[in-house]
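Novice:
2 protein chains.
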Amino acid sequence: MNDTNASEAPLDGPLYKGVKRRLTDALTRGEWKPGAAIPAERRLSERFQISVGTVRKAIDELVAENILIRQQGRGTFVASHNRERELFHFLHVVPEDGTKQYPDVQLQSFARGKAGRRTAEALRIAPGDGVYRIRNVLRLDAVPVIVDDIALPAQRFAGLTERQFRERRSTIYNLYQEAFGISVVTARERVRALPADESVAALLGIDTGAALLSIRRIALTYRELPVEYRVSLVNTVHHEYWAEIGG
Amino acid sequence: MNDTNASEAPLDGPLYKGVKRRLTDALTRGEWKPGAAIPAERRLSERFQISVGTVRKAIDELVAENILIRQQGRGTFVASHNRERELFHFLHVVPEDGTKQYPDVQLQSFARGKAGRRTAEALRIAPGDGVYRIRNVLRLDAVPVIVDDIALPAQRFAGLTERQFRERRSTIYNLYQEAFGISVVTARERVRALPADESVAALLGIDTGAALLSIRRIALTYRELPVEYRVSLVNTVHHEYWAEIGG
DNA sequence: TAGTGGTCTAGACCACGTG
DNA sequence: ACGTGGTCTAGACCACTAC
């Protein structure tokens, strides 16, 4: 942690981009833990031998990307995955009346298997590479609304156990972060409508063939590295998926 | 255009927020047209009697909101709605293979009516207020994929004619901008899955009851003012809705 | 009181687009 | 050659948090 300005020199391009790079490098190495404060701007400017304004510009971008969080008078902190953040940042399925609830997650199955073509492509691994497959049912307001099928690359989640999943106390992304040092910072989603198959219909208590929302999510960590592939099937009779464009 | 620093003084809060306010005021008044350049940063700083850095900070935020566009060496421009921008900014339905196409829009119907409860709420007008109702069918790659039902508040779109809609040369949002000075800058969307009814199934060439994506969009201009309510029904057999979270 | 981020300044110099 | 936005500096002062 003392030697953040080690590593090679990214001489080209603006100075602040290099600073941003060094900061995300340090984050990737786990030098500063989620929830902890990074050094003060004045200290970083001394350490890097540059002006505070340049440090601020680098931090500005990381704040805009929801990787760091500024708090006036307190410091700048590494974003962490807690219930609050999940609710307002990564869970885009909401009741139609708008009142948000914490989901109740029930583990349905846990297995280790091999990546198929589609999963391999999403996770940028080779077909046949090891993956963990988890199925969860999410209840909102005590009603089962979402079935999540999650695929995780075994290489990055070495030693993951069903127990960890079943006994985790916070969110799933918090588990990735705490147990494997993997911080999800971005997600790309593709949404379509399709009819419910029998097994999902049973879990959600709806008719086979009813219209369901399918959300295919690729979750990424720093540097656009994919760490999770997730297919969510959502009963949208009383819930909706929301998105904001621009603004 | 010479007197941008007129109007009342928003003394509280940071200076740059006041500058941002004065800039969006000028945009709302139509002082600078879409596609045109706003005055250079140095000129604005002289006009407002503040430093360039503060002007830049105000412009920074407007650029982040896709309201202004900076181009090094050329100037700073008011964002305009053209085909390119629609494609990469407001049209979130894409073929599953990822290759984007310009949609071919066919006007199905145009009428003037009164706002129902739902439309009135979305547009923040009173139930019973006048609205224009437009139905379009969008073809992607010559195949009908989307049915759009658009509601526009008659008060803001006074004198809108079917002819304008039928003969417009660029995008629909470009029409709002050119003919009514209304710039859509944000959209909030709610997505769900539902079965196709007969009339839509016929337009899209699918079976009644097939699973469709329903996108309810409220489009907003500067200052969060709603200007369009749109319900899109999408056949997602070969197309998807995409969204990005964070990053 | 001490330390943090937030705002604002005044200026130098660079990179880019245009004529 | 000129005007534009982009980067970087060095410093002052304010607003907020914590002790």
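Respectively, the protein sequence lines represent chains W and Z.
Take the first sequence: its position 90, counted from the start at 1, is 91 in the numbering used here, and no numbers get skipped.
Take the second sequence: its position 12, counted from the start at 1, is 13 in the numbering used here, and no numbers get skipped.
Even glycine gets a Cβ: it sits at the ideal position worked out from N, Cα and C.
Predicted model, so just to flag it, every value in this text is computed and none were measured.
What does A112 (chain W) pair with, by DSSP beta-bridge criteria?
Specialist: W:R134
Novice: So which of W:G76, W:E62 and W:T29 has the shortest CA-CA distance to K21 (chain W)?
Specialist: W:E62
Novice: G117 (chain Z) CB to nearest chain W CB: under 7 Å?
Specialist: no
Novice: Alpha carbon to alpha carbon, how far is V144 (chain Z) from G182 (chain Z)?
Specialist: About 32 Å.
Novice: Whole angstroms is fine: what's the gap from R86 (chain W)'s alpha carbon to R167 (chain Z)'s?
Specialist: If you take the alpha carbons of R86 (chain W) and R167 (chain Z), they lie about 45 Å apart.
Novice: For G76 (chain Z), which residues does DSSP report across the bridge?
Specialist: Z:Q72
Novice: Between P145 (chain Z) and chain W, is there a C-beta pair that is closer than 7 Å?
Specialist: no
Novice: In the DSSP assignment, what are the bridge partners of R231 (chain Z)?
Specialist: Z:I151 and Z:R218
Novice: Would you say N137 (chain W) and V106 (chain W) are within 7 Å of each other, going by their C-beta atoms?
Specialist: yes
Novice: Give a yes or no on whether the C-beta atoms belonging to A116 (chain W) and P104 (chain W) are separated by under 7 Å.
Specialist: no
Novice: Would you grab the beta carbon distance between P227 (chain W) and L124 (chain W) for me? Rounded to a whole angstrom, and I think it's under 8 Å.
Specialist: Between P227 (chain W) and L124 (chain W), the beta carbon gap of about 5 Å places them in contact (Cβ cut-off 8 Å).
Novice: Assign P15 (chain Z) to buried or exposed, taking buried as 16 or more other Cβ atoms, counted over all protein chains shown, within 10 Å of its Cβ.
Specialist: exposed
Novice: If you draw a straight line from the alpha carbon of R113 (chain W) to that of S184 (chain W), how long is it in whole angstroms?
Specialist: 22 Å
Novice: In this structure, how does DSSP classify R140 (chain Z) when only helix, strand and coil are distinguished?
Specialist: strand
Novice: Is V228 (chain Z) close to chain W? Criterion is C-beta to C-beta, closer than 7 Å.
Specialist: no
Novice: Is Y17 (chain W) close to chain Z? Criterion is C-beta to C-beta, closer than 7 Å.
Specialist: no
Novice: Look at the alpha carbon of Y238 (chain Z) and the alpha carbon of D208 (chain Z), and state the distance between them as a whole number of angstroms.
Specialist: The sequence as given places Val at residue 238 (chain Z); Tyr does not occur at that position. Rounded to the nearest angstrom, the two C-alpha atoms are 12 Å apart.
Novice: Grouping DSSP H, G and I as helix and E and B as strand, with all else coil, what is Y223 (chain Z)?
Specialist: helix
Novice: To the nearest angstrom, report how far apart E122 (chain Z) and G206 (chain W) are at their CA atoms.
Specialist: 32 Å
Novice: With 7 Å as the threshold, decide whether the Cβ of R189 (chain Z) is near any Cβ in chain W.
Specialist: yes
Novice: Report yes or no: do three or more beta-carbon pairs, one from the stretch 153-161 of chain W and one from the stretch 192-199 of chain W, lie closer than 8 Å?
Specialist: Cβ pair count under 8 Å is below three, so no.
Novice: Which bits of chain W does R84 (chain Z) rub up against, with CB to CB less than 8 Å?
Specialist: Within chain W, no residue has its beta carbon less than 8 Å from that of R84 (chain Z); the closest one is some 17 Å off.
Novice: From the beta carbon of N67 (chain Z), is the nearest beta carbon of chain W less than 7 Å away?
Specialist: yes
Novice: Is E229 (chain Z) buried or exposed, if buried means 16 or more other CB atoms sit within 10 Å of its CB?
Specialist: buried
Novice: Can you pull the DSSP bridge partners for V106 (chain W)?
Specialist: W:L139
Novice: What number of angstroms, rounded off, separates the C-alpha of I126 (chain W) from the C-alpha of I219 (chain W)?
Specialist: 13 Å
Novice: Give the secondary structure of R169 (chain Z) by DSSP, where H, G and I count as helix, E and B as strand, and everything else as coil.
Specialist: In the displayed model, R169 (chain Z) falls within coil according to three-state DSSP, outside both helix and strand.
Novice: Interface residues of chain W around A194 (chain Z) at Cβ under 7 Å?
Specialist: A194, A212, L213, L214 and T237
Novice: Is it true that the CB of V235 (chain W) sits closer than 7 Å to the CB of I151 (chain W)?
Specialist: Their beta carbons are not under 7 Å apart, which means I151 (chain W) does not touch V235 (chain W) by this criterion.
Novice: Can you tell me where the alpha helix (DSSP H) with G264 (chain Z) in it begins and where it stops?
Specialist: Nothing about residue 264 (chain Z) can be read from this structure; chain Z reaches only from 2 to 248.
Novice: Buried or exposed for D255 (chain Z), please, with buried defined as at least 16 other CB atoms from any protein chain shown within 10 angstroms of its CB.
Specialist: Outside the shown range of chain Z, which is 2 to 248, sits residue 255 (chain Z), and nothing can be said about it.
Novice: Output the distance between the C-alpha atoms of G160 (chain Z) and S200 (chain Z), rounded to the nearest integer angstrom.
Specialist: 29 Å
Novice: Tell me the DSSP secondary structure of A203 (chain W) in three-state form.
Specialist: helix
Novice: Return the first residue and the last residue of the beta strand (DSSP E) that E1 (chain Z) is part of.
Specialist: Absent from the structure is residue 1 (chain Z), since the part of chain Z shown begins at 2 and ends at 248.
Novice: A37 (chain W) and I246 (chain Z): beta carbons closer than 7 Å?
Specialist: no
Novice: In chain W, what lies closer than 7 Å to G182 (chain Z) by C-beta?
Specialist: Near G182 (chain Z) there are no residues of chain W at all, since even the closest Cβ is about 18 Å away, more than 7 Å.
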